[in-house]
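Beneath this line is the structure, given in structure tokens, with notes to follow.
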Amino acid sequence: MASSLVLRSLTSSCSVAFGTRRFLPHLFGAATCRFFARSMAADSATASGPFRKVQIQRDDTTFDAYVAGKDNAPGIVVLQEWWGVDFEIKNHALHIAQMNPGYRTLIPDLYRGKLGLDAAEAQHLMEGLDWQGAVKDIRASVNWLKSTGSSKVGVTGYCMGGALSIASGVLVPEADAVVAFYGVPPPQLADPSLAKAPIQAHFGEMDNIVGFSDISAAKALEEKLKSSGVPYEVYIYPGCAHAFMNASPDGIKRRKEMGMTDDDPAAVELAWSRFSSWMGQYLLSL
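Just so we're aligned: the sequence shown equals residues 526 to 811 in our numbering.
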């Protein structure tokens with residue numbers, strides 16, 4: 526299935542057309558119309574810090590990934606929002622790595638070194654994503670963690686990465702558990718009723734991306750998971766909008782610039798607690 530087909534499906538499933546020019550003014554106001562992919566090499570988000578950059582091979586391509594946490598600990602693949610591998614996805618990966626008793630986190634660079642620094646650029650990058658190829662990247666990432674010391678590996682992600690996380694629960698048989706934040710995959714990519722891994726999903730009550738991460742999408746996902754036969758949990762957080770887990774100062778600033786003014790640290794803490802319990806149940810057990 527071509528990536529354009531997946532994008533058209535995602536567009537048609539959202540009445541506000543997430544990921545399209547029609548959606549941008551609705552959520553972001555007067556977002557700039559310029560878009561070009563900036564190299565991560567020139568951006569401060571690439572500072573290695575606690576991360577170790579590795580290269581992972583799959584099929585006939587190689588991609589970069591960023592690893593943090595304890596060697597030989599259970600692994601969790603952490604999937605980016607439409608921005609790319611930026612400061613916030615690294616914040617999430619570090620937070621997960623530092624959870625008790627500790628995980629090894631890996632962020633695959635699905636955009637191959639490119640980063641969206643505004644909404645128009647992020648839209649352009651997501652439109653160009655090979656979704657099937659991204660699932661192959663995720664599977665290669667899961668298998669890399671398993672081959673280098675992690676006996677069990679989960680997958681988590683946010684927005685675009687949340688949708689890909691659920692797709693991984695269907696299409697990546699090596700994944701042991703999934704936690705998805707505010708995103709569901711287009712049906713041509715993956716049908717959640719065919720999920721093979723336990724899936725937990727989180728959504729904001731005020732999320733207005735219809736058909737992708739709003740309440741209707743959450744309820745439709747829950748119905749699909751009911752018929753899958755796998756363990757599942759679907760949570761909706763009152764008063765929270767899209768991307769409510771982005772709670773760093775820079776993340777809050779960016780959300781406010783996009784018109785998302787909700788700020789609920791208790792909801793973020795509760796979601797992390799549920800995340801920890803879910804991953805612990807499936808990745809830490811013998």
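Even for Gly, the Cβ is constructed at its ideal location relative to N, Cα and C.
Going by alpha carbons, who is nearest to residue i out of the options?
i      : options                           : result
THR673 : ARG629, ILE663 and PRO710         : ARG629
GLY708 : ALA720, LEU650, HIS767 and VAL755 : HIS767
ALA751 : LYS721, SER738, ALA772 and ASP775 : It should be noted that the sequence gives Lys, not Ala, for residue 751. The shortest Cα separation from LYS751 among LYS721, SER738, ALA772 and ASP775 belongs to LYS721.
GLU794 : HIS727, LEU650 and ALA702         : HIS727
GLY694 : ARG577, ARG664 and LEU640         : ARG664
PRO763 : TYR757, ASP788 and ASP775         : ASP788
ASP596 : ALA702, GLU606 and LYS671         : LYS671
GLY574 : ASP589, LYS615, GLU606 and GLN605 : LYS615
ALA647 : GLN605, PRO626 and ILE691         : GLN605
Measure the Cβ-Cβ separation of residue i and residue j and say whether it is below 8 Å.
i      : j      : result
VAL735 : LEU746 : no
ASP602 : VAL667 : In the sequence under discussion, the amino acid at residue 602 is Val, which differs from the Asp named in the question. Closer than 8 Å, so yes.
LEU619 : ASP662 : no
ALA659 : LEU696 : no
MET685 : MET651 : yes
TRP608 : LEU631 : no
SER773 : GLU613 : yes
Determine the direct distance from the alpha carbon of residue j to that of residue i, and round the result to whole angstroms.
i      : j      : result
LYS677 : PRO633 : 17 Å
ALA645 : SER810 : 43 Å
GLY653 : TYR683 : 18 Å
PRO698 : VAL592 : 22 Å
ASP716 : ALA743 : 14 Å
CYS765 : ASP739 : 11 Å
MET785 : PRO599 : 34 Å
PHE800 : ASP584 : 32 Å
MET687 : PRO710 : Per the sequence shown, the amino acid found at residue 687 is Gly instead of Met. Rounded to whole angstroms, GLY687 to PRO710 spans 8 Å at the Cα level.
ASP611 : VAL680 : 18 Å
ALA705 : TRP656 : 16 Å
LYS781 : PHE737 : 21 Å
GLY729 : GLN580 : 35 Å
ASP701 : GLN713 : 23 Å
ILE761 : PHE769 : 11 Å
GLN806 : SER675 : 15 Å
Buried or exposed for residue i, going by 16 or more other Cβ atoms inside 10 Å?
i      : result
GLY754 : exposed
THR587 : exposed
ALA566 : In this predicted model, ALA566 has a pLDDT of only 34, less than 50, meaning its place in the structure is not dependable; the value taken from the coordinates is given anyway. It is exposed - the Cβ of ALA566 has fewer than 16 other Cβ atoms within 10 Å.
ARG577 : exposed
ASP775 : exposed
ALA792 : buried
ALA796 : buried
ASN771 : buried
ASN733 : buried
Complete beta strand (DSSP E) runs within the region 636-712 (minimum length 3 residues, chain order): 678-683 and 702-706
What runs of the alpha helix (DSSP H), each 4 residues or longer, lie entirely inside the region 723-757? 740-753
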